[in-house]
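Single-structure report; data block below.
In full-length UniProt numbering, the protein residues as written are 1 to 269.
The structure is reproduced here in structure tokens:
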């Protein structure tokens, strides 16, 4: 029983959303009395249960704001096979979720993504233009970077020769396979071009830790240069997962989202 008492998460409803490939996406709706709803998108090789996703859902709930955190296809509880790359396909998964919730009269007010999810929400905003509040937490600006660290310096030659690379964990077991197609999908995803397509009416906040060990803080500065209606917030000393900075991350997210919701209410009245 002690475990249940410690769990700060309120009532959650499991919802299954079909994506356009017929795969079932599994998510949790944190319902509040407010009509406002924020969709939370996890990062690479992560799930809706990551500490960033859960803590933000709880922080929003404590302020009376609902949220929906879900697993992209091939991750967590959702159907599908995990694939490297897949950024645009994940943006399409997010679109399936937005459409589903809108049909259920729970149209989302904002979307937030962490790490790869940050790229997904920016790609979404550049394509669909129907959500005006977007939060990019530690997204990567240049998708040609960061590949060597995972796949090795000669990844291009190996993948051309073998057709794939198996990425192994510390114990030598295969964590996931990178195919040539999925690598090309990542290399052809141009965040610079995409971000130029984001509407001026769309408010974008980029948050990044100054001690991010996976995606350099410089990436956040690049987003700030090109997104039309952009706010940048750097969290001093935070790493990629905000291990010691969860409360600060939540407070920056909440300030931005609450201000955006107020603005939306003021313009719709």
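The beta-carbon is built from N, C-alpha and C at its ideal position, and this holds for glycine as well.
State the beta-bridge partners of residue i as determined by DSSP.
| i | result |
| --- | --- |
| residue 133 | 203 |
| residue 233 | 207 |
| residue 270 | Here the chain covers residues 1 to 269 and nothing more, so residue 270 does not appear. |
| residue 111 | 39 and 134 |
| residue 69 | 28 and 40 |
| residue 13 | 29 |
| residue 228 | None, per the DSSP bridge assignment. |
| residue 18 | 24 |
If you draw a straight line from the C-alpha of residue i to the C-alpha of residue j, how long is it?
| i | j | result |
| --- | --- | --- |
| residue 250 | residue 59 | 6 Å |
| residue 208 | residue 229 | 17 Å |
| residue 259 | residue 252 | 11 Å |
| residue 19 | residue 81 | 13 Å |
| residue 85 | residue 78 | 17 Å |
| residue 129 | residue 202 | 8 Å |
| residue 16 | residue 115 | 24 Å |
| residue 103 | residue 94 | 14 Å |
| residue 43 | residue 27 | 15 Å |
| residue 11 | residue 31 | 7 Å |
| residue 265 | residue 169 | 48 Å |
| residue 96 | residue 186 | 21 Å |
| residue 52 | residue 268 | 31 Å |
| residue 300 | residue 194 | No answer is possible for residue 300: it lies beyond the span of the chain, which begins at 1 and ends at 269. |
| residue 98 | residue 61 | 19 Å |
So, for residue i: in the same chain, excluding its five sequence neighbours on each side, which residues have a beta-carbon less than 7 Å away from its beta-carbon?
| i | result |
| --- | --- |
| residue 211 | 237, 238 and 239 |
| residue 90 | 72 and 120 |
| residue 88 | 123 and 189 |
| residue 155 | 147, 148 and 165 |
| residue 140 | 119, 146, 215 and 219 |
| residue 34 | 64, 65 and 66 |
| residue 107 | 101 |
| residue 127 | 91 |
Using only alpha-carbon positions, find the residue among the options that is nearest to residue i.
| i | options | result |
| --- | --- | --- |
| residue 39 | 150, 101 and 233 | 101 |
| residue 69 | 50, 131, 87 and 170 | 50 |
| residue 178 | 218, 152 and 233 | 152 |
| residue 233 | 248, 216 and 206 | 206 |
| residue 204 | 96, 136 and 264 | 136 |
| residue 46 | 75, 150 and 183 | 75 |
| residue 246 | 42, 56, 43 and 31 | 56 |
| residue 196 | 106, 92, 125 and 112 | 125 |
| residue 225 | 199, 241, 255 and 192 | 192 |
| residue 199 | 268, 99 and 131 | 131 |
| residue 175 | 183, 262, 194 and 150 | 150 |
| residue 184 | 144, 21, 62 and 98 | 144 |
| residue 138 | 167, 98 and 213 | 213 |
Taking the beta carbon of residue i as the centre, do at least 16 other beta carbons fall within 10 Å, making it buried, or is it exposed?
| i | result |
| --- | --- |
| residue 285 | No information on residue 285 is available, as it lies outside the stretch 1 to 269 that the chain covers here. |
| residue 83 | buried |
| residue 67 | buried |
| residue 36 | buried |
| residue 48 | buried |
| residue 244 | exposed |
| residue 117 | buried |
| residue 54 | buried |
| residue 171 | exposed |
Who are the near neighbours of residue i in its chain, counting only those whose CB is closer than 6 Å to its CB and skipping five residues on each side?
| i | result |
| --- | --- |
| residue 158 | 165 |
| residue 110 | 38, 133 and 257 |
| residue 5 | Because the pLDDT of residue 5 is 37, which lies under 50, any placement of that residue in the model is unreliable, and the number read from its coordinates should be weighed accordingly. No residues qualify anywhere along the chain. |
| residue 248 | 235 |
| residue 217 | 208 and 210 |
| residue 113 | 41, 120 and 121 |
Using C-beta distances below 8 Å, list every residue in its chain close to residue i, excluding the 5 sequence neighbours before and after it, in chain order.
| i | result |
| --- | --- |
| residue 180 | 159, 160, 163 and 164 |
| residue 24 | 16, 17, 18, 78 and 79 |
| residue 13 | 28, 29 and 31 |
| residue 293 | Within the shown structure, residues of the chain are numbered from 1 to 269, placing residue 293 beyond reach of any answer. |
Please find out if some non-hydrogen atom of the ligand NAD comes closer than 7 Å to the beta-carbon of residue i.
| i | result |
| --- | --- |
| residue 46 | The model depicted lacks the ligand NAD and carries no ligand whatsoever. |
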